[in-house]
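I have placed the structure first, in the form of structure tokens, so that the comments after it can refer back to it.
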Amino acid sequence: MVEQARGSLFIVAAPSGGGKTSLVKNLVDNMRDITVSISHTTRDQRQGEEHEKHYFFIDEPTFLDMARAGEFIEHAWVFDCLYGTSKIQIQKQLAQGIDVILDIDWQGAAQIKQIFPDAVSIFIVPPSLEILKQRLLARQRDNVAIIEDRMQRACDEMSHYAEFDYLIVNDDFDKASLELQAIVLANRLRVSKQMQKQQALLSFLLASQ
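First residue of the sequence shown? That's 135 in the working numbering, and the numbers climb one at a time after it.
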């Protein structure tokens, strides 16, 4: 019996307003055997968000109890809220051969890389700070003070781009989407993965010599 090839872990990070969420959604909608890890968070549930679909919305004491119990692969404070990635959830999906995307910030990415050194990390940046601000304003989600705070933090976040394996400039959505898909596809075609997935075919081809 051929052993199930494990899935790969993809880390996607970007400053708030960088277009990360839309790009990741498009990727999952257009590729098979890939899913987004659902994070736990202490932030308030926004309109249109569903518990256990967009996030696991929990209170701070529950989150801290889970963290102390070692249930998170990574967790961090982001904009005065806690976010964490469930260890069991990730391991189960990878064992089933499903690629998993972690939509996290650079702090979480650094923690993940220590535990999963083979994880593929991707950083997404906007074409300019002006366009980034326009995207944040277009959301009509935050007041001016919060947007200015996000802009200041964006500069710090983007300074960590060199810690990632790949860099995508989200100046054109279709182009950026294709680049993100290309990274996932190229990783799936690595010899180490194909040796498991195509074991029967490779054995037959070599035996035919």
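C-beta atoms are modelled at their ideal positions from N, C-alpha and C, and glycine is treated no differently.
Check, Outcome
"Measuring CB to CB, does L271 end up less than 8 Å from R284?", "no"
"CB S171 to CB V212, shorter than 8 Å?", "no"
"Whole angstroms are fine: how far does the CA of H174 sit from the CA of H77?", "Look at the range of the chain in this structure, 135 to 343, and you will see that residue 77 is not part of it."
"DSSP three-state label for F144, please.", "strand"
"Starting from D239, follow the alpha helix (DSSP H) in both directions and report where the run begins and ends.", "It is not in any alpha helix (DSSP H) - D239 carries neither H nor E in the DSSP assignment."
"Within this structure, are the beta carbons of F157 and I258 separated by less than 8 Å?", "In the sequence on display, residue 157 carries Leu and not Phe. In this structure, I258 lies closer than 8 Å to L157 by Cβ."
"To the nearest angstrom, report how far apart P123 and Q328 are at their CA atoms.", "Since the first and last residues shown for the chain are 135 and 343, residue 123 lies out of range."
"Sort Q230, R177, G242 by Cα distance to F206 and report the nearest one.", "G242"
"Exposed or buried, what is T169 when buried is set at 16 or more other beta-carbons lying within 10 Å of its beta-carbon?", "exposed"
"Who are the near neighbours of F144 in its chain, counting only those whose CB is closer than 6 Å to its CB and skipping five residues on each side?", "I235, V254"
"So if DSSP puts T176 in a beta bridge, which residue, or which two residues, is it bridged to?", "T176 is not bridged to any residue."
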